[in-house]
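Trainee: Following this message is one structure expressed as structure tokens.
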């Protein structure tokens with residue numbers, strides 16, 4: 217009887233803890249304004265390093281990008297500029313310019 221309880225506890229422990237041993241790590245990204253010319257880059261945050269993934273293309277210089285916002289649902293990155301009402305939209309997955317508003 218005692219052996220059966222120990223076996224049951226061991227099996228339950230394996231069922232609970234084994235999935236944590238093989239957990240899936242999802243990639244995380246960070247979007248950065250890298251210079252005064254409004255260059256936006258995306259970096260992949262890995263376990264032991266940060267790797268550059270892409271650079272946004274076709275962004276106009278409307279006085280220097282100062283803000284970024286990401287809508288995860290639409291995968292759209294919004295770039296705002298100092299001293300203007302311009303908002304540029306960039307596809308966060310492809311880093312390709314989509315549209316200018318303002």
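In my numbering, the protein residues as written are 217 to 318.
Just so you know, even glycine gets a beta-carbon here, dropped at the ideal spot from N, CA and C.
Our contact map puts residue 311 next to residue 276 with C-beta atoms below 8 Å; I'd like the distance itself, whole angstroms only.
Mentor: Translated into the one-based positions of the chain shown, residue 311 becomes position 95. Translated into the one-based positions of the chain shown, residue 276 becomes position 60. Actually they do not touch by this definition, with Cβ atoms about 15 Å apart.
Trainee: Going by DSSP, what residues sit across from residue 283 in a beta bridge?
Mentor: Here the question's residue 283 lines up with position 67 in the chain shown. According to DSSP, residue 283 bridges with 296.
Trainee: Taking the DSSP output, what are the residues bridged to residue 307?
Mentor: Taking the first residue of the chain shown as position 1, residue 307 is located at position 91. DSSP lists 292 as partners of residue 307.
Trainee: Tell me whether the beta-carbon of residue 247 lies closer than 7 Å to the beta-carbon of residue 258.
Mentor: Along the chain shown, read from residue 1 onward, the residue named residue 247 stands at position 31. Along the chain shown, read from residue 1 onward, the residue named residue 258 stands at position 42. Yes; because the gap between Cβ atoms is below 7 Å, this pair is in contact.
Trainee: Do residue 272 and residue 306 count as a contact pair if the criterion is CB distance below 7 Å?
Mentor: The count along the chain shown starts at 1 and reaches residue 306 at position 90. The count along the chain shown starts at 1 and reaches residue 272 at position 56. A contact, by the Cβ cut-off of 7 Å.
Trainee: In chain order, what residues of the same chain have a beta carbon less than 8 Å from the beta carbon of residue 292, not counting five sequence neighbours either side?
Mentor: For the purposes of this step, residue 292 is taken as residue 76 along the chain shown, with counting starting at 1. Hits under 8 Å: 286, 305, 306, 307, 308, 314.
Trainee: If you run the structure through DSSP and keep just helix, strand and coil, what is residue 316?
Mentor: Here residue 316 corresponds to residue number 100 of the chain shown, with the count starting at 1. Strand.
Trainee: Name the DSSP bridge partner or partners of residue 245?
Mentor: If you number the chain shown from 1, residue 245 lands on position 29. Note: residue 245 sits in a beta bridge opposite 260.
Trainee: Straight-line CA distance for residue 317 to residue 303?
Mentor: Sequence index remark: in the chain shown, residue 317 carries index 101 (1-based). Sequence index remark: in the chain shown, residue 303 carries index 87 (1-based). Spanning the two alpha carbons is a distance of roughly 5 Å.
Trainee: The beta strand (DSSP E) spanning residue 272 covers which residue range?
Mentor: Here residue 272 is taken as the residue at index 56 of the chain shown, counted from 1. No beta strand (DSSP E) contains residue 272, which DSSP labels as neither H nor E.
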